[in-house]
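**Q** Residue numbers (this note's numbering): 230 to 337.
This is the structure I have questions about; it appears just below.
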């Protein structure tokens, strides 16, 4: 998975980039290699905002989190987007599972 990290009013350090990569690396189990992620980090006076968008096979998933600490915003965003990926993956697999169940019922 390709991961692009952008900072607004904020220079993204190597440690921050590595933290994002570690958090989003787990999503590689559920998505193919053609998936891409774009993370935008925004720093304002007393708030840190992390927005993440994942694009794969015509599907676009988006999550954002806002806290006072950048790392906790990244963690919250990663949890939200992982939840969306799992929900999407289960929706696809359950859709195909129901199709097989209908074929078995028709045969009997």
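Even glycine gets a Cβ: it sits at the ideal position worked out from N, Cα and C.
Terminal residues of the continuous alpha helix (DSSP H) containing residue 280?
**A** Numbered from 1 along the chain shown, position 51 holds the residue referred to as residue 280. Per DSSP, residue 280 belongs to no alpha helix (DSSP H); it is in the beta strand (DSSP E), 277-285.
**Q** Go to residue 253, then tell me how far its alpha helix (DSSP H) extends in each direction, as first and last residue.
**A** As a position in the chain shown, residue 253 is number 24, starting the count at 1. Where residue 253 is concerned, the enclosing alpha helix (DSSP H) stretches over 243-254.
**Q** By alpha-carbon positions, which one of 283, 318, 297 ends up nearest to residue 307?
**A** Your numbering for residue 307 matches position 78 in the chain shown. The closest CA to that of residue 307, considering only 283, 318, 297, is found on 283.
**Q** Indicate the three-state DSSP secondary structure (helix, strand or coil) for residue 264 in the structure shown.
**A** As a first step, residue 264 is located in the chain shown; it is residue number 35 there, counting from the start. Three-state DSSP puts residue 264 in coil, outside helix and strand.
**Q** Hey, could you find the ends of the beta strand (DSSP E) residue 289 is sitting in?
**A** The count along the chain shown starts at 1 and reaches residue 289 at position 60. Boundaries of the beta strand (DSSP E) around residue 289: 288-296.
**Q** What residue range is occupied by the uninterrupted beta strand (DSSP E) comprising residue 236?
**A** The count along the chain shown starts at 1 and reaches residue 236 at position 7. Start and end: 231-237.
**Q** Can you give me the C-alpha to C-alpha distance between residue 281 and residue 246, rounded to a whole angstrom?
**A** Residue 281 sits at position 52 when you count from the first residue of the chain shown. Residue 246 sits at position 17 when you count from the first residue of the chain shown. About 13 Å.
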